[in-house]
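Chemist: If you're matching positions, the sequence shown starts at 1 in UniProt numbering and goes up one per residue.
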Amino acid sequence: MSTAVGALVVSPNGNYVSLALQVTRKQEDEPQLTDQSSTVELASQQRGYVVVLDARTGKTVLTQEVSGFILAQALTNDHLAVETADAYFPAGEGKGTITAFPLDGTSSPTTTPTDQWLVGAGQDSLLLSPQPLYYDMCSSPCGPFTLTRISTGGQKLGTITHADRVYRGGWVERYKEPAPDGGDGEASAQAAREVVDVDTGAATDLNGDQAEETGLSTGPGLLMTRRTEPDKQSSPSVPVSWLSAADDGHRHTENLEQFTSK
Numbered sequence: 001m002s003t004a005v006g007a008l009v010v011s012p013n014g015n016y017v018s019l020a021l022q023v024t025r026k027q028e029d030e031p032q033l034t035d036q037s038s039t040v041e042l043a044s045q046q047r048g049y050v051v052v053l054d055a056r057t058g059k060t061v062l063t064q065e066v067s068g069f070i071l072a073q074a075l076t077n078d079h080l081a082v083e084t085a086d087a088y089f090p091a092g093e094g095k096g097t098i099t100a101f102p103l104d105g106t107s108s109p110t111t112t113p114t115d116q117w118l119v120g121a122g123q124d125s126l127l128l129s130p131q132p133l134y135y136d137m138c139s140s141p142c143g144p145f146t147l148t149r150i151s152t153g154g155q156k157l158g159t160i161t162h163a164d165r166v167y168r169g170g171w172v173e174r175y176k177e178p179a180p181d182g183g184d185g186e187a188s189a190q191a192a193r194e195v196v197d198v199d200t201g202a203a204t205d206l207n208g209d210q211a212e213e214t215g216l217s218t219g220p221g222l223l224m225t226r227r228t229e230p231d232k233q234s235s236p237s238v239p240v241s242w243l244s245a246a247d248d249g250h251r252h253t254e255n256l257e258q259f260t261s262k
């Protein structure tokens, strides 16, 4: 998953973490924004920094200065991707761009113009959405929407339809069929869902289970839990399986005791 300024991002293999910082102008230095050109002028004066660290040693792998408003950042296993714009949105006058920086420094960064939001990453690809995925700003479910999967070089790799959530590590929760019409929250909640690994395409049926992000020793993970009494909303949930971003995406049912104390 991608995050905006101030939050940590972890690569799917767990080897790297990144942090984005936006330099904020003093309020007395801020110009009065009277038109779109003023916003663009303000954006041109913005500076931000993204730092990538080795998750095991804490050593700095990459420090990158960017101009404009930082909308999002994401990590694949070998690239840092940063979305910037001339406004607080990528479309239209925002003129959004995604710049992918190789972590090994052996090649030049690539820049791709986009009118969509960078919302996540897999092991070697990026995920774009027509809308930002701030879950605290929308009711549940937030979707459905269609995600576009692109390479770090900007080439379109495919789409993921009926998506509802994006998880760290390169997973997307989606409806197996189009979501019920009419904004029926209960029907949407009961609709068949699956979790898809964006890199391998491996799909895990939820069958009424709930998915939640978890940390593993190898990096990001996804934990599936199930209510002990499915018909009672208040019944406790227990872990039933888990996924790891560091392997081929298959479902694990061993070592569930590692989650009982979390």
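Don't be surprised by glycine CBs; every beta carbon is placed ideally from N, CA and C. The structure displayed is predicted, hence computed values, not measured ones.
For the 8 angstroms Cβ check, are there 3 or more pairs between the segment 245-258 and the segment 9-17?
Modeler: At 8 angstroms Cβ cutoff, the stretches touch.
Chemist: State buried or exposed for Q27, treating a residue as buried only when at least 16 other CB atoms are found within 10 Å of its CB.
Modeler: Residue placement at Q27 is flagged as unreliable, the pLDDT there being 49, under the threshold of 50; the coordinate-derived value follows with that caveat. So Q27 counts as exposed.
Chemist: If we ignore side chains and look at the alpha-carbon of each, how far apart do L147 and A202 end up?
Modeler: About 17 angstroms.
Chemist: Span of the beta strand (DSSP E) holding T229?
Modeler: Note on identity: in this sequence residue 229 is Glu, with Thr being the wrong assignment. E229 -> no beta strand (DSSP E), and no H or E assigned at all.
Chemist: Is it true that the segment 252-260 meets the segment 76-94, where meeting means three or more beta-carbon pairs spaced less than 8 angstroms apart?
Modeler: With a cut-off of 8 angstroms, the segment 76-94 and the segment 252-260 do not count as touching, because too few Cβ pairs lie within range.
Chemist: Mind checking if V52 is an interface residue toward chain D, Cβ cutoff 7 angstroms exclusive?
Modeler: No chain D is present in this structure, which holds just one protein chain.
Chemist: Under the three-state reduction of DSSP, which class applies to L256: helix, strand or coil?
Modeler: DSSP places L256 in helix when its eight states are reduced to three.
Chemist: Going by other Cβ atoms of all chains shown within 10 Å of its Cβ, with 16 needed for buried, is residue 267 buried or exposed?
Modeler: The requested residue 267 is not part of the displayed model; the chain covers only 1 to 262.
Chemist: What does the Cβ neighbour count give for A7, buried or exposed, with the cut at 16 atoms within 10 Å?
Modeler: Exposed, because fewer than 16 other Cβ atoms sit within 10 Å of the Cβ of A7.
Chemist: Which residue's Cα is closest to the Cα of N207: S107, A163 and K176?
Modeler: Of S107, A163 and K176, the residue nearest in Cα terms is K176.
Chemist: Comparing alpha-carbon positions, which option in P220, L127 and V61 lies nearest V198?
Modeler: Comparing Cα-Cα distances from V198 to each of P220, L127 and V61, the minimum goes to L127.
Chemist: In whole angstroms, give me the CA-to-CA distance for S151 and G96.
Modeler: Each residue's Cα considered, the two are about 17 angstroms apart.
Chemist: Quick one: grab the DSSP three-state call for G68.
Modeler: Of the three classes helix, strand and coil, the one that applies to G68 here is coil, per DSSP.
Chemist: Note the first and the last residue of the continuous beta strand (DSSP E) segment covering residue 264.
Modeler: Outside the shown range of the chain, which is 1 to 262, sits residue 264, and nothing can be said about it.
Chemist: Please return the same chain residues whose Cβ sits closer than 6 angstroms to the Cβ of A192, not counting the five positions on each side in sequence.
Modeler: Within the same chain, A192 has close Cβ partners K176.
Chemist: Checking the sheet assignment: what are the DSSP bridge partners for H162?
Modeler: Its beta-bridge partners do not exist; DSSP assigns none.
Chemist: Among D164, G153 and Y167, which residue has its Cα nearest to the Cα of S107?
Modeler: Of D164, G153 and Y167, the residue nearest in Cα terms is G153.
Chemist: Across which residues does DSSP place D197 in a beta bridge pair?
Modeler: Bridge partners of D197: W171.
Chemist: Under 7 angstroms between the Cβ atoms of F69 and A85?
Modeler: Yes. Within cutoff.
Chemist: Comparing C-alpha positions only, which one of G122, T159 and Q155 sits nearest to S129?
Modeler: Checking every option, the nearest Cα to that of S129 belongs to T159.
Chemist: Can you tell me where the beta strand (DSSP E) with S129 in it begins and where it stops?
Modeler: S125 to S129 is the extent of the beta strand (DSSP E) around S129.
Chemist: What would DSSP say about Q27, mapped onto helix, strand or coil?
Modeler: Because the pLDDT at Q27 is just 49, under 50, the model does not fix this residue reliably, and the point stays unresolved.
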